[in-house]
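First up is the structure itself, then whatever we jot down about it.
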Amino acid sequence: MNETFSLYRLQQLDSQRIQRLKRIKQIDQIIASDKAIQKAQSILQKATVALNESDKSLEDLRKRTEERTLKLKLAQAKLYGGKVSATKELQDLQAESEALRRIIKTLEDEQMQLMEANDLHLEAKKKAEADLHELLNNKASENSLLMGEREKLKQQLPKINSQRDALKSQLNAKLLEEYETLFKTKGGVAVAEIFDASCKACGVELSPTDIQQVANPNVIIKCRSCGRILYKA
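Using this note's numbering, the letters of the sequence shown map in sequence onto residues -2 to 230.
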């Protein structure tokens, strides 16, 4: 197996993969950065927060009303249960019951007002969701070309990844590790072609001996200047 050629081919696939992933990310950013969508998302977020806070306040009011209602029932049970005969205690129970009724009435009024406000928050959230959904649909049409490009790029990735995996499985582990290190540190060019008796990556002129050795499929030769693996088509 010509390992130099395999590394060169792997580099091509790695570059293709990176280019496609970058473009997909760029398309996602273009779509996500739309100011109209951002505004609609912000409105929905605020509406959601307002509804959640309203729901919580309403639930708190319900609990407070239930607690006072239970106290009133207990006071009424004592008042009319026949077990309490002392005038002072009966008067206290009567006063407590009346106070609880007033409190419950106030809480119920507050609850009604809050329910009305809660309905408005719910409608606001539904409207914000509908507006965002409609906007996204409109933008999807406007960005159909970008979305089509994105889908095409995504469909190409599995084939590229499969070819990469097949090549990597055939390469020596140490050589593969060396290639990956060079790929990261040399700007995505770990394997440099020989062009006009020079390293295409850094431009340094190569010796006839180096050029001759590169032609040997069983030998890995690096550029004496930039350290990249040399490849001759």
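Here a beta-carbon is modelled for each residue, glycine too, at the ideal position from N, C-alpha and C.
Bear in mind the structure is a predicted one, so any value in this text is a computation, not a measurement.
Rounded C-alpha distance that separates residue i from residue j
| i | j | result |
| --- | --- | --- |
| tyrosine 176 | alanine 187 | 6 angstroms |
| lysine 229 | arginine 17 | 26 angstroms |
| isoleucine 226 | lysine 149 | 32 angstroms |
| leucine 154 | asparagine 140 | 21 angstroms |
| aspartate 162 | tyrosine 5 | 14 angstroms |
| aspartate 207 | lysine 219 | 9 angstroms |
| glutamine 160 | glutamate 202 | 33 angstroms |
| leucine 119 | alanine 72 | 38 angstroms |
Top-ranked residue by Cα proximity to residue i, from the options
| i | options | result |
| --- | --- | --- |
| isoleucine 34 | Lys229, Lys136 and Gln88 | Lys136 |
| leucine 58 | Asp106, Val211, Ala44 and Arg20 | Asp106 |
| methionine 76 | Thr62, Lys68, Gln91 and Glu63 | For the sequence presented, residue 76 should be read as leucine rather than methionine. Ranking Thr62, Lys68, Gln91 and Glu63 by Cα distance to leucine 76 puts Gln91 first. |
| glycine 184 | Phe2, Asp11 and Glu0 | Asp11 |
| glutamine 9 | Ala83, Ile100, Glu190 and Gly78 | Glu190 |
| asparagine 158 | Leu7, Ala83 and Leu87 | Leu7 |
| arginine 221 | Cys199, Pro214 and Leu55 | Cys199 |
Cross-strand partners of residue i (DSSP beta bridge)
| i | result |
| --- | --- |
| phenylalanine 192 | Ser195 |
| lysine 219 | Ile226 |
| glutamate 202 | Ser195 |
Three-state secondary structure assigned by DSSP to residue i
| i | result |
| --- | --- |
| leucine 173 | helix |
| alanine 96 | helix |
| lysine 183 | coil |
| glycine 78 | coil |
| proline 155 | helix |
| asparagine 140 | coil |
* **Touching by the beta-carbon criterion (3+ pairs, under 8 angstroms), the region 123 to 137 and the region 5 to 24** => Using a Cβ-Cβ distance cut-off of 8 angstroms, the region 123 to 137 and the region 5 to 24 are not in contact, since fewer than three pairs of beta carbons, one from each stretch, lie closer than that value.
* contact_flag[the region 24 to 31, the region 161 to 179] where n(CB pairs < 8 angstroms) is 3 or more -> Output reads no: the region 161 to 179 does not touch the region 24 to 31.
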